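Heads up, the thing below is written out as structure tokens.
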Amino acid sequence: MKTIASFTTPEDAHLFRAFLGSRGIQAHLLDEYFVQLFWHYSNTIGGVRVAVEEEDAETAAAIHQEYMASLREGPYPLQPVRAWPTVILVSLLVGVPMILFGRRQQIRQELVTD
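Those letters in the sequence shown? Residues 64 to 177, per the numbering used here, in order.
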């Protein structure tokens, strides 16, 4: 058995193992249950490792490169998001009433306690 890839979470490792399986390569996950139980040690032990047979190692390494490239590209192109007008509008809609009515409530409480 030869380790081809290592993933931080078991879910990512299962996805890659399924991707290898769809290409006809049988893969095994190592340290999967340890990472599920002690997730905070995942990086310490090297994560969940995906291992294949020696004769499939070269093909699996090429498939791993293809898999990682497809993750970087993604199914949808990234578009810049212009959220600042919405943030300003929400801040004004929430902030102005809080300033106006919050101070009025504070003044009423001061008058009642005096």
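Cβ atoms here follow ideal geometry from the backbone N, Cα and C, with glycine treated the same way.
Being a predicted model, the structure only gives us computed values, none of them experimental.
Helix, strand or coil: which one does DSSP assign to T72? Residue numbering aside, residue 72 sits at position 9 when the sequence shown is read from its first letter. In the structure shown, T72 sits in coil (DSSP, three-state: anything other than H, G, I, E or B).
Indicate whether the contact test is met: 3 or more Cβ pairs, each with one atom in the segment 85-93 and one in the segment 107-122, closer than 8 Å. yes
Using DSSP with H/G/I as helix, E/B as strand and the rest coil, what is V144? Within the sequence shown, the letter at position 81 stands for residue 144. If DSSP states are grouped into helix, strand and coil, V144 belongs with coil.
What does DSSP give as the partner residues of V150 in its beta bridges? As a position in the sequence shown, residue 150 is number 87, starting the count at 1. V150 is not bridged to any residue.
Quick check on the burial criterion: 16 or more other C-beta atoms within 10 angstroms. Buried or exposed for L83? Residue mapping note: residue 83 aligns to position 20 of the sequence shown, counting from 1. Result: buried.
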